[in-house]
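Residues in the sequence shown are numbered consecutively from 762, following this note's numbering. Every residue, glycine too, gets a C-beta built ideally from N, C-alpha and C.
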Amino acid sequence: MEFTWLSRWQPQILAILRIVAGLLLLEHATMKFFHFPAPLMPGPLPTLLIVAGIIELVTGLLITLGLFTRIAAFIASGELAAAYFIGHFPKSFWPGINMGEAAILYCFLFLYIAAAGPGAWSIDGARSRNAPIR
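What follows is the structure, encoded as structure tokens:
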């Protein structure tokens, strides 16, 4: 059974993927800084987690809104690759053991969004549609 009928919805489905992934990244930042919906860890954050939280806050917001989507997604992808190799890989080579599956999945998801663009319902798309013709 072919799903070619689904291809007509590709821009909207890509936008939903972008929005959900951006909100989930934003949630990681809110857990670090605002302890919402739950605190990430008790006490002050180490410097590396503060930097990661700032990146997640800014890129998560930009990706969710679809503003500067490609560069924000590329930066988020790099941050998650670093998170995997700094926080998970030293524990074990295997992602199932080192609990790094989510970091790997998000890394490649954001890399895909950086390559594919924001899809529908983005500020980037609205800006390009309203740009003057030269």
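Cβ-Cβ distance between residue i and residue j below 8 Å
i    : j    : result
G880 : R779 : yes
A813 : E840 : yes
A782 : I865 : no
Residues near residue i in its chain [Cβ-Cβ closer than 6 Å; skip 5 each side]
i    : result
L823 : F829 and A833
W882 : A776
I816 : E840
L818 : A790
Rounded distance between the beta-carbons of residue j and residue i, thought under 8 Å
i    : j    : result
A837 : L786 : 6 Å
F850 : G861 : 7 Å
Reference residue i; option with closest CA among the options
i    : options                   : result
L806 : F794, E817, A799 and I816 : F794
C868 : T808, H796, P800 and T820 : T820
F835 : F871, A844 and R888       : F871
L810 : L784, P856 and G848       : G848
Residues near residue i in its chain [Cβ-Cβ closer than 8 Å; skip 5 each side]
i    : result
I884 : L826, G827 and L828
F797 : T791
Beta-carbon proximity list for residue i, same chain, < 7 Å, skipping 5 on both sides
i    : result
A877 : L775
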